[in-house]
Each structure stands twice: as structure tokens, then as C-alpha cells.
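What follows is a set of notes on a single structure, which appears directly below.
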Amino acid sequence: MKQARPYPRAIVTRKAARSLAGGHPWVFEGEVLRLEPAPTDGRAAINGDVVDVFEENGTWQGAGLLSLESKIRVRIVTRNANDRVDEAFWRRRAQWAWAHRVSCMGTRALPGAAPDTRACRVIFSEADGFPGLVVDRYESVLVAQVGTVGMERLRDVVYPAVLDALAQAGERVDALFERNDSPARDKEGLPRRKGWWDGLPAPASSRVKVRENGLAFDVDIENSQKTGFFLDQKYNRRAVRELAAGRRVLDCFCHVGPFGLNAAAGGAELVRCVDVSQTALDLAAENARLNGLDGRVSFTCADVLDYLPELARDRSRLRAEGGPFDLIVLDPPAFTKSRGTVAHAQRGYREINYEALRLLPRGGYLATCSCSQHMTRDLLARAVAEAAHRANVQLKQVEERQQAPDHPILWGFPESHYLDFFVFQVV
């Protein structure tokens with residue numbers, strides 16, 4: 079590199095350089111040979127700093143954010159040597175991120191429904207060039223999760239950049255809530271916390287009403303899972319909605335009811351929503367009332383892993399629950415969060431799909447998914463195929479889907495591809 083850059087340097091191994099050249103944005107702890115001071119002023123790198131990354135042969139590989147307490151030691155933010163990672167840099171990134179959402183979702187709303195960008199992911203971490211930052215939009219409220227020390231140091235630069243990108247597009251934002259209570263922060267040496275960001279006035283309540291696919295949902299952004307709602311399944315829920323007319327639907331792991339309510343809105347004869355959390359079911363019932371669908375949606379508090387076998391064993395219980403069902407939705411939580419437990423998780427996915435397939439008649443439909451990056455598309459497909467073989471049924475694939483495009487998949491970075499969704503018919 080000919081020009082002197084103002085950042086400290088991380089000298090990395092050839093292995094790390096090969097990985098970066100393939101598009102992966104992470105440098106791991108064991109791949110950093112040494113840290114060197116900035117060539118312009120001799121400044122040593124501190125935790126969260128921007129550092130230039132050089133292969134040991136002197137080849138510049140990019141610039142990234144340093145995490146001294148994490149096994150992921152550097153997260154690349156740019157491979158353009160002309161970039162200066164300053165406030166203008168982050169503002170450009172935020173504008174590009176919002177422009178992407180408008181392009182891929184701005185015209186996809188159902189007729190008469192609000193634009194799909196009214197409830198969407200605005201920033202998706204590395205996939206948008208903000209490593210460790212997630213920002214979701216719920217109408218006029220943003221919910222942010224910061225998971226890295228670099229983004230923690232940049233909060234008061236990055237948040238205004240996101241707000242400005244939305245304001246320039248004519249989008250109103252009244253408040254920003256931080257859900258910085260994820261265990262991922264422990265690995266960065268960051269304290270867990272949640273609360274309203276003091277850069278905007280704090281509203282009186284953390285409950286927000288949002289609309290998705292024309293349906294209203296009461297979202298508790300402070301106490302619900304993740305940032306309050308699972309936005310990544312938006313169009314997968316629409317796919318279920320399109321199949322639901324006249325069917326009896328069983329929505330397993332229903333959370334606050336979005337799959338079940340989409341099915342009811344699509345004309346399902348009956349919907350039974352099942353979740354282990356009574357709190358989630360109470361919100362789901364309220365959401366059904368909000369949409370005038372409570373007459374066709376019922377709720378059961380149960381562990382799905384026990385509930386499905388019980389229905390298969392006891393036909394009177396099945397009838398009492400509204401069955402037999404001819405459309406079953408399986409949207410389980412991630413059964414694995416590490417490579418070491420993938421084999422156990424695969425057995426879990428195989429088991430729940432087997433139990434669901436035992437309940438479906440010929441001609442019935444199964445919508446099933448995995449939301450773990452370690453449970454890859456091929457592993458999920460294999461688990462479902464093994465479940466079908468064990469249940470002695472044949473499956474005809476109707477659709478194969480992924481996460482919504484506001485959760486973009488960055489090629490070269492498989493960690494950004496975490497959701498796979500299949501719809502099958504039993505034949």
C-alpha cells in the first residue's frame with residue numbers, strides 16, 4: 079500500500095488472508111500474529127478500534143473493528159483502500175442499507191396493506207457492513223441490538239446515521255430501544271442492558287402495534303424474544319396464508335401467532351396455535367382479537383415435542399384440538415447454536431417432522447423450517463426426508479424459501495444464511 083493510513087495494524091496469517099479473499103469478514107484470535115501501532119502517529123490499537131489488516135507479506139486485506147476479548151478478533155468493514163472509516167462512511171452504509179430495503183420490499187405489500195418497510199430489518203450486521211449491529215423497525219420505533227465492542231463504541235455515530243437515512247427517505251422515527259441483553263455481549267466483555275436510547279425521547283410504553291401482511295400485532299419490544307418479533311418469516315407466513323383457505327391448520331411453536339393469524343386471514347376453517355409459553359399465547363390471543371380472527375383461532379399451552387405424539391396416540395384428543403389437520407406449520411426455535419450439537423439437533427428436527435407427518439392425511443401440507451445457521455439447508459432436507467421415510471409417506475415439494483430479503487445473505491459469509499423453509503404436500 080503506497081499511502082499511509084491513520085489506523086493501527088493487525089498482521090495476520092496467510093490462512094486468514096485466504097479466508098478474507100474468499101469474502102469471509104472475520105479474522106480469528108489465532109490468526110492475528112501481532113498488532114502494530116499506526117504508522118502516522120504511533121498510536122497503539124485499543125479495544126474496538128478500526129485497524130488495517132495486513133497479511134504477513136505486507137499485502138493489505140482490508141480494515142475492520144478490533145475485539146480484544148473475542149475469539150473473532152477483527153471484523154472487516156471495508157476492502158476499499160480509499161475508505162476512511164469515519165462518520166460519513168457509516169452514513170453512506172446506512173443509506174445503502176435502507177435503499178436495499180426499499181428496492182426489495184417497498185412494492186411487495188399485499189393490496190391495501192402498508193408498505194412492507196413499515197416493519198422490517200433495517201441493519202443486518204455483517205451483511206450490511208455493520209458487524210455486530212442489528213436494527214429492526216416497528217412503525218415509528220427502532221429496536222437495536224449491539225453485540226460487538228466496535229459497534230458499542232460507535233453507537234452515537236451509527237444510530238444517528240440510521241436515523242438520518244430514514245429521515246432523508248421521509249420515514250418517521252420517534253424512539254429507539256436497545257435490546258443489549260444478549261449473551262453474545264459476554265464474549266466481547268460488554269455488560270448486558272436494555273432501555274431507551276437517550277438520543278431520542280423515551281415513550282411511556284414499550285408496546286408497539288405493527289402491521290405485517292395487513293395484520294396488526296401488539297409487540298412487546300422490551301420483554302419478547304430477540305427484538306420483539308420475528309420479521310425474517312414475513313414472506314414465508316404469506317406462503318402459508320396462500321395455502322390455508324378451507325383448511326384446518328395446526329401452528330406449532332406459534333410464539334405470538336403470526337403464522338396462525340396469516341392462515342386465518344387466508345381463509346382457514348380453523349387454526350390451533352400451540353406454544354410452551356403462556357405469555358406468548360396471551361399475546362397471540364390479543365393479536366387474534368385485534369384482527370377480528372378470534373372466532374377461528376384457538377390456543378393450547380404445551381410443549382410441542384410432547385403434544386404432537388399425544389395427538390397421534392389419542393384420536394379423541396386430536397378431535398378435541400380441532401383435528402384432523404391438513405396443514406401443519408413447524409417453526410421451532412433453533413435446536414442448535416454451535417457445530418458441536420448439530421447431530422443432536424438433526425435428530426430433533428427429524429423427530430418433530432416425523433410426528434407432524436404422522437398426523438397429516440394424503441394431500442395435506444407441511445410447512446417446516448430451521449432458524450439455525452449450523453442446521454444447513456441440506457441437513458434440514460435430510461432430516462425431513464428421513465422423517466418421511468420413517469412415517470412411510472412421500473413428499474412433493476411445493477416451495478423452498480429462505481429468510482426475507484431485509485435479512486440479506488452475504489455470499490462468502492455462510493453465517494448470514496440461517497433460515498431455511500420448505501413447504502411439502504403429502505402424496
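Sequential numbering of the sequence shown, starting at 79, is according to my numbering.
Even glycine gets a Cβ: it sits at the ideal position worked out from N, Cα and C.
Predicted model, so just to flag it, every value in this text is computed and none were measured.
One alpha carbon belongs to Gln472, the other to Ser302, and they sit about 38 Å apart. Annotation for Trp274: the continuous beta strand (DSSP E) segment containing it runs Arg271 to Trp274. Beta-bridge partners of Lys265 (DSSP): none assigned. The DSSP assignment places complete beta strand (DSSP E) segments of no fewer than 3 residues inside the segment 385-456 at 405-408 and 443-448, in order along the chain.
Between the alpha carbons of Gly126 and Gly401 lies a gap of roughly 55 Å. Note that the segment 133-150 does not touch the segment 185-195; fewer than 3 beta-carbon pairs, one per stretch, sit closer than 8 Å. The C-alpha of Phe499 is placed about 12 Å away from the C-alpha of Met453. The DSSP-derived three-state label of Tyr216 is strand.
The beta strand (DSSP E) runs of length 3 or more contained entirely in the segment 453-503 are, from start to end of the chain, 473-480.
Contact between the segment 457-470 and the segment 418-427 is present: 3 or more CB-CB pairs across the two stretches fall below 8 Å. Distance check between Leu348 and each of Thr357, Leu371 and Asn470 places Leu371 closest, using alpha-carbon atoms only. Comparing alpha-carbon positions, the option among Tyr237, Asp214, Gln503 and Ile154 lying closest to Glu165 turns out to be Tyr237. Counting C-beta atoms within 10 angstroms of its own C-beta, Asp130 has 16 or more neighbours from the protein chains shown and is therefore classed as buried. Ile124 counts as exposed, since fewer than 16 other C-beta atoms from the protein chains shown sit within 10 angstroms of its C-beta. C-alpha of Leu457 to C-alpha of Leu389: approximately 27 Å in a straight line. Secondary structure at Gln173: helix, using DSSP grouped into helix, strand and coil.
The C-alpha of Gly335 lies about 36 Å from the C-alpha of Gly228.
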